[in-house]
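Chemist:
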Amino acid sequence: MAKIEVKNLTAKYEKGKNVLENLSFTVEDGEILCLIGPNGGGKSTLLTLLAGIGMGKIKKTKNSEILINQKEIENYAANKKAREISYLGQTEKLAWHFSVFETVLMGRYAYSSPYLPYSKEDKQIALSVLEDLGIFHLKDRLTNEISGGELQKVRIARSLCQNTDIMLLDEPFSHLDIQHQSKLLSLIKTIAEEKKKTIVISLHDLNLCPLLSKTILLVNKTEAFFGSLEEIFTESYLNKVYKTNFGLFRHPELDIPQVFVKN
40 MAKIEVKNLT
50 AKYEKGKNVL
60 ENLSFTVEDG
70 EILCLIGPNG
80 GGKSTLLTLL
90 AGIGMGKIKK
100 TKNSEILINQ
110 KEIENYAANK
120 KAREISYLGQ
130 TEKLAWHFSV
140 FETVLMGRYA
150 YSSPYLPYSK
160 EDKQIALSVL
170 EDLGIFHLKD
180 RLTNEISGGE
190 LQKVRIARSL
200 CQNTDIMLLD
210 EPFSHLDIQH
220 QSKLLSLIKT
230 IAEEKKKTIV
240 ISLHDLNLCP
250 LLSKTILLVN
260 KTEAFFGSLE
270 EIFTESYLNK
280 VYKTNFGLFR
290 HPELDIPQVF
300 VKN
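Number 302 marks the last residue of the sequence shown (my numbering); no jumps.
The structure is reproduced here in structure tokens:
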């Protein structure tokens, strides 16, 4: 059964200009879908629509469907949606007066009562996630006392702490050095494979895509191509959408396609 099913999705501004048009795709349980495309192509818009939070004046049209577990996203109550879907946006200004631990613990909000403190289980989950991401030593620091890369890992930790079946990640590798990119890449793959999480992740670094997923959605506004890595990650499609002279080669050790700019 498809965890996410999008049918004929058209999204437009209130004044009528389409941002996405007739987009259809599915994401299976435990699958990672890589979302790629040029800046301003609609990747972030799509992720916010999948999260059911919209994006300002951009709305999906009446005949568009976004089904989560075969249920229309708009029919989910806020607390139920927060237990099913976690969303990590590109940028966010965190409240500086909260510690790293307190910020990550906020991921458990959907499971708690507004009248009761977080449970021991909630706190243990938060501590475990901090350990997994290698930032346990930062737990008592305020969020304005850490680096941009560390802050990005805190945001990712909060999303993981939410413990949802579906994770929507918008450029999670930004602000991370190569070492932490590698660790996060391994963690994302492990989450999908072992915990059967369904993950939709947008990327600007095209060469990370084949390392993560065998399914691609290449989107640029009203133009979109969905299919397997071997079908979509080609010179023809990439050059068409990015309007760039790309070349591809097979990685000599990993046997996956990698992209380079010819000129």
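Where is the CB? At the ideal position from N, CA and C, for every residue including glycine.
Taking C-beta to C-beta, are residue 257 and residue 240 nearer than 8 Å?
Modeler: It is not a contact, given that the beta carbons lie outside the stated cut-off.
Chemist: For the candidate residues 55, 219 and 255, whose alpha-carbon lies nearest to that of residue 187?
Modeler: Nearest option by C-alpha distance: 219.
Chemist: Please go through the stretch 51-126 and give each complete beta strand (DSSP E) segment of 3 or more residues, from N-terminal end onward.
Modeler: You should have 57-67, 71-75, 97-99 and 104-107.
Chemist: Measure the alpha-carbon distance for residue 81 versus residue 262 and round it to whole angstroms.
Modeler: Going from the Cα of residue 81 to the Cα of residue 262 covers about 10 Å.
Chemist: Tell me which residue opens and which closes the beta strand (DSSP E) that residue 296 is part of.
Modeler: Run containing residue 296: 296-300, per the beta strand (DSSP E) assignment.
Chemist: Buried or exposed: where does residue 229 fall if 16 or more other Cβ atoms within 10 Å of its Cβ makes it buried?
Modeler: Residue 229 is exposed by the Cβ-count criterion.
Chemist: Between which two residues does the alpha helix (DSSP H) harbouring residue 188 extend?
Modeler: Where residue 188 is concerned, the enclosing alpha helix (DSSP H) stretches over 187-200.
Chemist: Compute the Euclidean distance between the alpha carbons of residue 232 and residue 238, then round it to the nearest angstrom.
Modeler: Those two C-alpha atoms are separated by around 11 Å.
Chemist: Should residue 258 be listed as close to the ligand GTP, given that the test is whether its C-beta is under 7 Å from any heavy atom?
Modeler: Absence of the ligand GTP from the depicted structure is noted, as is the absence of any ligand whatsoever, leaving it without description.
Chemist: Which term fits residue 301, buried or exposed, when burial requires 16 or more other beta carbons within 10 angstroms of its beta carbon?
Modeler: Exposed.
Chemist: If you run the structure through DSSP and keep just helix, strand and coil, what is residue 256?
Modeler: Residue 256: strand per DSSP, three-state reduction.
Chemist: Beta carbon of residue 105, beta carbon of residue 99: below 8 Å?
Modeler: Cβ atoms of residue 105 and residue 99: closer than 8 Å.
Chemist: Hey, out of 90, 101, 103 and 109, whose CA is closest to residue 118's CA?
Modeler: Minimum Cα distance to residue 118 is reached at 90.
Chemist: What is the rounded straight-line gap between the Cα of residue 255 and the Cα of residue 155?
Modeler: Spanning the two alpha carbons is a distance of roughly 43 Å.
Chemist: Express the C-alpha separation of residue 67 and residue 267 in angstroms, rounding to a whole number.
Modeler: When rounded, the distance between both Cα atoms is 13 Å.
Chemist: When DSSP labels each residue in this structure, what does residue 46 get in the three-state scheme?
Modeler: Three-state DSSP puts residue 46 in a strand.
Chemist: Under a Cβ-count criterion, where at least 16 other Cβ atoms within 10 Å of its own Cβ denotes burial, should residue 289 be classed as buried or exposed?
Modeler: So residue 289 ends up on the exposed side.
Chemist: Rounded to the nearest angstrom, what separates residue 51 and residue 159 at their Cα positions?
Modeler: Looking at the two C-alpha atoms, the distance is approximately 44 Å.
Chemist: Could you tell me if residue 121 is buried or exposed, where buried requires 16 or more neighbouring beta carbons within 10 angstroms of its beta carbon?
Modeler: The residue in question, residue 121, is buried, as its Cβ has 16 or more Cβ neighbours within 10 Å.
Chemist: From 253, 140, 295 and 296, pick the residue whose C-alpha is nearest to that of residue 74; which is it?
Modeler: Selected option, being the one with the closest Cα: 253.
Chemist: According to DSSP, is residue 180 helix, strand or coil?
Modeler: In this structure, residue 180 counts as coil in the three-state DSSP scheme.
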